[in-house]
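S.K.: Top to bottom, those sequences are chains A and B.
Quick note: the first sequence, position 348, residue 348 per our numbering, numbers continuous.
Quick note: the second sequence, position 27, residue 27 per our numbering, numbers continuous.
Virtual Cβ for every residue (Gly too), placed ideally from N, Cα, C.
One structure, pasted below without further comment.
There are 2 protein chains.
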Amino acid sequence: MPPTLEWVELEDGPALRLLDQTRLPNETTFVDCTTLEQVAEAIKVLRVRGAPAIGCAAAYGLALVAARSSAPDVGALRSELAAAREVLGATRPTAVNLFWALERMMAVASQSGLASAAELVRALVEEAHAITADDLTRCRAIGRHGAELIRPGWSILTHCNAGALATAGYGTALGVIRAAHEAGKGIHVWVDETRPLLQGARLTAWELVQEGIPATLICDDMAGYVMQQGQVNCAVVGADRIAANGDTANKIGTYTVASLCHQHEIPFYVAAPYSTVDFSLASGDDIPIEERNVEEVRLLGHFAARPVTPQGVGIYNPAFDVTPARLIAGIITERGVAGPPFGHSLRRLAPE
Amino acid sequence: MPPTLEWVELEDGPALRLLDQTRLPNETTFVDCTTLEQVAEAIKVLRVRGAPAIGCAAAYGLALVAARSSAPDVGALRSELAAAREVLGATRPTAVNLFWALERMMAVASQSGLASAAELVRALVEEAHAITADDLTRCRAIGRHGAELIRPGWSILTHCNAGALATAGYGTALGVIRAAHEAGKGIHVWVDETRPLLQGARLTAWELVQEGIPATLICDDMAGYVMQQGQVNCAVVGADRIAANGDTANKIGTYTVASLCHQHEIPFYVAAPYSTVDFSLASGDDIPIEERNVEEVRLLGHFAARPVTPQGVGIYNPAFDVTPARLIAGIITERGVAGPPFGHSLRRLAPE
């Protein structure tokens, strides 16, 4: 698989190279972002998406601003970075990793030891590299922990894409699936197509085909049927933000999957880096839910040449939903698996 | 609204004129079927769809075969009709109305009193007209009975299209919605887009806009979210076949909606003509489920110019599912509303 995102040196300076996920699976194309605006646009229109990958892209976005800045001194550069932080922070409201990564970068920017602009640039690029390398390491650990929950021969349902494309590589939910497959467990994956933007049909299916992991795509409204037929052993999804009590915001439709799992007594797991837990929020009620352009619905994720809906009908397009902790069997992090009650178990996994 | 189907006289003889539902909502076009093969094709590719409308179309299909036959005598015509009945009966396996209408027509065909081919043709055309007129009458009665269940200001969720387009007119689930709207109840409708063929986004939304009934379209995976937000007061759907115990086959995704309603303590209603009840089946386990071409999934209901899925991924495309009776609050028929336990209540509504 090509890298989701990569720091490259072009003739005129550095760039953030992104695998353009809006063109998958039909075209494998890359965009080289050299400006803050290009990075922000790429996040907004989902050329790069998935909570951990957005965090990495935003970190590189700040590194890029610094590396291409003409600020005369450290103070001016810090002002420029503060402004850039606002632009990147306004791209997508729900995923916490974006803000977490921006904070890590801004903490480096405000270090008093960095006297010259050049030193600051170097430190920021290194921090973005570290955030990205750490993410890959964490995904592999999530995979190891999660695979222990998967029994041989299981069929696993997933929604949206929490794969290599949503992270620096390997994936969270798909990290669990990859690790179970690599361990020779003989698994099969049910892939929800995930309307409106079809990340399941386009991205998860693409990753699984490349890995040779047996997978069957279904429309979202078929999930209940395959569960009713006894064909699903567990569900694993990613997360955009997890409240202190375990309530989990993730791609719209996740709550529907979790409800169906509950009804069918199928374990429902969330897989995410520990940085996805936002201890500042007591419950999921406080997680902001992004609403996106209704054209995503009307134009079938922009794959229809013209609207499939009649003029004049109202359309609602929330991008996320919140699954209450009571529907979640376990939250799989790089530090281990937290079980209910999550208010206790999530804190217990914190670094000392 | 233009008629869903209509018997017309062309220069060279009669035809079944169908509003081509595969072209809605972008184009209002009609196809004139003059042969058995055209009628069968129209049913298979869903130019005409919806259990009651399929029944009417199949009845007119037999009338058309008779009216355009060159059979020399009644015996030869009856043989031709028997062969045509097989062709039409093989178009779609799940909806019972198709078989019910064909039986009604074949009963007329076998009447001993009809001595000439011309008399038989006339009787068959009249029977097809009667089936269609009866369907409209039944839909209006379903609407009246169902509207009594709807309280002022309710938001009603529906899946697929059980509207005028799925019947001879007025609709079953949408008949209930139309009647509640006409009664001034100030309702609002949540429309599931209904993948893979988008009958909700294309057809139900189109009907509701034409009627001026407030409606909001959502993707199927958003249904759980709007229920969780307390924004759905009840769900009403149509049916393709109802077993004697109340188990109901309907468009794929209906079971997912019913499960979500159950979880949220939202009443889930089925609206269908009484002829949809198949007393020969003890339960829904015996209802055959049609599987359709996976290109419907890959090409987004044929609205995408090219597949949105990678080569090599498996795809599953069941066209229906069965909602167990325990999830159903009531079955609304033209004879009244049956409540649980349905084994008793459905029989009680039978004509004496």
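(1) Shorter than 7 angstroms from the beta carbon of Cys-219/B to some beta carbon of chain A?
(2) Could you check if Phe-279/A is buried or exposed, using at least 16 other CB atoms within 10 Å of its CB as the buried criterion?
(3) I'd like the ranges of any alpha helix (DSSP H) spanning at least 4 consecutive residues and lying wholly in the segment 188–258 of chain B.
(4) What residues in the segment 267–281 of chain A have a beta carbon less than 8 angstroms from any beta carbon of chain B?
(5) Rounded to a whole number of angstroms, what is the C-alpha to C-alpha distance between Thr-256/A and Pro-214/A?
(6) So, at 7 angstroms on beta carbons, what are the nonlocal neighbours of Phe-342/B in its own chain, with the 5 sequence-adjacent residues on each side left out?
(7) State the beta-bridge partners of Pro-318/B as determined by DSSP.
(8) Closer than 7 angstroms between beta carbons: that is the criterion. Which residues of the segment 221–233 of chain B meet it against chain A?
(9) Name the residues in the segment 236–258 of chain A whose C-beta lies less than 9 angstroms from a C-beta of chain B; which are they?
(10) Give me the chain A residues within the contact set of Val-355/B, using Cβ-Cβ distance strictly less than 7 angstroms, ordered along the chain.
(11) Output yes or no for whether 7 angstroms exceeds the beta carbon distance between Thr-172/A and Val-191/A.
(12) Report the partner residues of Ile-331/A according to the DSSP bridge assignment.
(13) Mind checking whether Val-65/A and Ala-84/A have CB atoms under 7 angstroms apart?
(14) What do you get for Arg-49/A, buried or exposed, if any count of 16 or more other CB atoms within 10 angstroms of its CB means buried?
(15) Quick check: what's the CA-CA separation for Ala-101/A versus Gly-55/A?
(16) Can you pull the chain B residues whose beta carbon is under 9 angstroms from the beta carbon of Arg-202/A, in chain order?
(17) Between Pro-3/B and chain A, is the shortest Cβ-Cβ distance under 7 angstroms, so that the two count as touching?
(18) So, does the CB of Gly-314/A fall closer than 7 angstroms to a CB anywhere in chain B?
(19) Flag this pair as touching only if the segment 208–222 of chain A and the segment 288–298 of chain A have three or more C-beta atom pairs under 8 angstroms; answer yes or no.
(20) Apply the 10 Å Cβ neighbour rule to Leu-10/A and answer buried if 16 or more other Cβ atoms are within range, or exposed otherwise.
(21) Mind listing which residues of the segment 173–207 of chain B have their C-beta closer than 8 angstroms to chain A's C-betas, in chain order?
(22) Taking the C-alpha atoms as reference points, what is the distance between Glu-37/A and Leu-81/A?
(23) Kindly indicate which three-state DSSP category Ala-95/A falls into: helix, strand or coil?
(24) How would you list, in chain order, the residues of chain A whose beta-carbon sits under 8 angstroms from the beta-carbon of Ala-215/B?
(25) Would you check if the segment 158–178 of chain A and the segment 234–245 of chain A touch, i.e. whether three or more CB-CB distances between them fall below 8 angstroms?
(26) Judging by CA-CA distance, which residue of Gln-231/A, Gly-253/A, Val-39/A, Val-232/A is the nearest neighbour of Met-227/B?
(27) Under 7 angstroms between beta-carbons, which chain B residues line up against Phe-303/A? List them in chain order, please.
(28) Quick one: which chain B residues come within Cβ less than 8 angstroms of Gln-263/A?
(29) Would you say Pro-93/A reaches chain B, if we count a Cβ-Cβ gap shorter than 7 angstroms as a contact?
(30) Using the beta-carbon of each residue, which ones in chain B are nearer than 9 angstroms to Asp-285/A?
(31) Do Leu-24/A and Trp-206/A have their C-beta atoms within less than 7 angstroms of each other?
(32) Excluding the five sequence neighbours on either side, which residues of its own chain have a C-beta within less than 7 angstroms of the C-beta of Gly-163/B, listed in chain order?
(33) Have a look at the DSSP bridge pairing and note the partners of Phe-30/A.
(34) Start and end of the alpha helix (DSSP H) containing Ser-349/A?
(35) Around the Cβ of Ala-166/B, are there at least 16 other Cβ atoms within 10 angstroms (buried) or fewer (exposed)?
(36) So Val-121/B contacts chain A; which residues on that side make the cut at Cβ distance below 7 angstroms?
M.R.: So, to answer that:
(1) By 1-based counting over the second sequence, the position of residue 219/B is 219. So, interface residue.
(2) For the purposes of this step, residue 279/A is taken as residue 279 along the first sequence, with counting starting at 1. Exposed is the call here.
(3) With a minimum length of 4 residues, the continuous alpha helix (DSSP H) runs that stay inside the segment 188–258 of chain B are 205–211, 223–228.
(4) Listed in chain order, the positions of the segment 267–281 of chain A with a beta carbon within less than 8 angstroms of a beta carbon of chain B would be empty, since no residue qualifies.
(5) Start at 1 with the first residue of the first sequence, and residue 256/A comes out as number 256. Start at 1 with the first residue of the first sequence, and residue 214/A comes out as number 214. Cα to Cα, the separation comes out at about 24 angstroms.
(6) For this step, residue 342/B is matched to residue 342 along the second sequence. Asn-245, Gly-246, Ala-325, Ile-331.
(7) As a first step, residue 318/B is located in the second sequence; it is residue number 318 there, counting from the start. Answer is Glu-291/B.
(8) Answer in chain order: Asp-221, Met-222, Ala-223, Gly-224, Tyr-225, Gln-228.
(9) So the list reads Lys-251, Ile-252, Gly-253, Thr-254, Tyr-255, Thr-256, Val-257, Ala-258, given in the order they occur along the chain.
(10) Absent from the structure is residue 355/B, since the part of chain B shown begins at 1 and ends at 352.
(11) Within the first sequence, the letter at position 172 stands for residue 172/A. Within the first sequence, the letter at position 191 stands for residue 191/A. Not in contact: Thr-172/A and Val-191/A (Cβ atoms no closer than 7 angstroms).
(12) Translated into positions along the first sequence, residue 331/A becomes position 331. Ile-331/A pairs with Val-270/A, Ala-338/A.
(13) Position 65 of the first sequence, counting from 1, holds the residue named residue 65/A. Position 84 of the first sequence, counting from 1, holds the residue named residue 84/A. In terms of Cβ geometry, Val-65/A and Ala-84/A form a close pair [threshold 7 angstroms].
(14) Numbered from 1 along the first sequence, position 49 holds the residue referred to as residue 49/A. Buried: at least 16 other Cβ atoms inside 10 Å.
(15) Along the first sequence, one-based indexing puts residue 101/A at 101. Along the first sequence, one-based indexing puts residue 55/A at 55. Computed Cα separation, rounded: 5 angstroms.
(16) Here residue 202/A is taken as the residue at index 202 of the first sequence, counted from 1. Chain-ordered, the chain B residues with CB closer than 9 angstroms to the CB of Arg-202/A read Val-308, Thr-309, Pro-310.
(17) As a position in the second sequence, residue 3/B is number 3, starting the count at 1. When Cβ-Cβ separations below 7 angstroms define contact, Pro-3/B makes no contact with chain A.
(18) Position 314 of the first sequence, counted from the start, is the residue given in the question as residue 314/A. The beta-carbon of Gly-314/A is placed less than 7 angstroms from the nearest beta-carbon of chain B.
(19) When C-beta atoms of the segment 208–222 of chain A are compared with those of the segment 288–298 of chain A, fewer than three pairs fall below 8 angstroms, so the two segments do not count as touching.
(20) On the first sequence, position 10 is the one that residue 10/A refers to. Burial call: exposed.
(21) Within the segment 173–207 of chain B, the residues whose Cβ lies closer than 8 angstroms to some Cβ of chain A are Val-191, Asp-192, Glu-193, Thr-194, Arg-195, Pro-196, Leu-198, Ala-201, Arg-202, Ala-205, Trp-206, listed in chain order.
(22) Walking along the first sequence from the start, residue 37/A turns up at place 37. Walking along the first sequence from the start, residue 81/A turns up at place 81. Computed Cα separation, rounded: 13 angstroms.
(23) Taking the first residue of the first sequence as 1, we reach residue 95/A at position 95. DSSP places Ala-95/A outside both helix and strand once states are collapsed to three, so it counts as coil.
(24) Counting from 1 along the second sequence, the entry for residue 215/B is found at position 215. Per Cβ cutoff of 8 angstroms: Val-313, Gly-314.
(25) Contact between the segment 234–245 of chain A and the segment 158–178 of chain A is present, because at least three Cβ pairs lie under 8 angstroms.
(26) Stepping through the second sequence from its first residue, residue 227/B is reached at position 227. Cα-wise, what sits closest to Met-227/B is Gly-253/A.
(27) Indexing the first sequence from 1 puts residue 303/A at position 303. The contacting residues are Leu-300, Ala-304, Val-308.
(28) Residue mapping note: residue 263/A aligns to position 263 of the first sequence, counting from 1. Chain-order list of chain B residues neighbouring Gln-263/A: Ser-259, His-262, Gln-263, by C-beta distance under 8 angstroms.
(29) Locating residue 93/A in the first sequence gives position 93, counting from the first residue. For Pro-93/A, the answer is no, since every Cβ of chain B falls outside 7 angstroms of its Cβ.
(30) For the purposes of this step, residue 285/A is taken as residue 285 along the first sequence, with counting starting at 1. Under the 9 angstroms cutoff, chain B gives no residues; its nearest Cβ is about 11 angstroms from Asp-285/A.
(31) Against the first sequence, residue 24/A aligns to sequence position 24. Against the first sequence, residue 206/A aligns to sequence position 206. The answer is yes: Cβ separation under 7 angstroms.
(32) By one-based count along the second sequence, residue 163/B stands at place 163. For Gly-163/B, where only same-chain residues beyond five positions count, the Cβ hits under 7 angstroms are Gly-171, Leu-174, Leu-203, Thr-204, Glu-207.
(33) Here residue 30/A corresponds to residue number 30 of the first sequence, with the count starting at 1. DSSP lists Leu-19/A as the beta-bridge partner residues of Phe-30/A.
(34) The residue you call residue 349/A lines up with position 349 of the first sequence. The question names Ser, but residue 349/A in the sequence shown is Leu. Where Leu-349/A is concerned, there is no enclosing alpha helix (DSSP H), given that its DSSP letter is neither H nor E.
(35) Start at 1 with the first residue of the second sequence, and residue 166/B comes out as number 166. Ala-166/B sits buried, since 16 or more C-beta atoms from the chains shown fall within 10 Å of its C-beta.
(36) Mapped onto the second sequence, residue 121/B falls at position 121. Chain A residues near Val-121/B: none, gap ~39 angstroms exceeds 7 angstroms.
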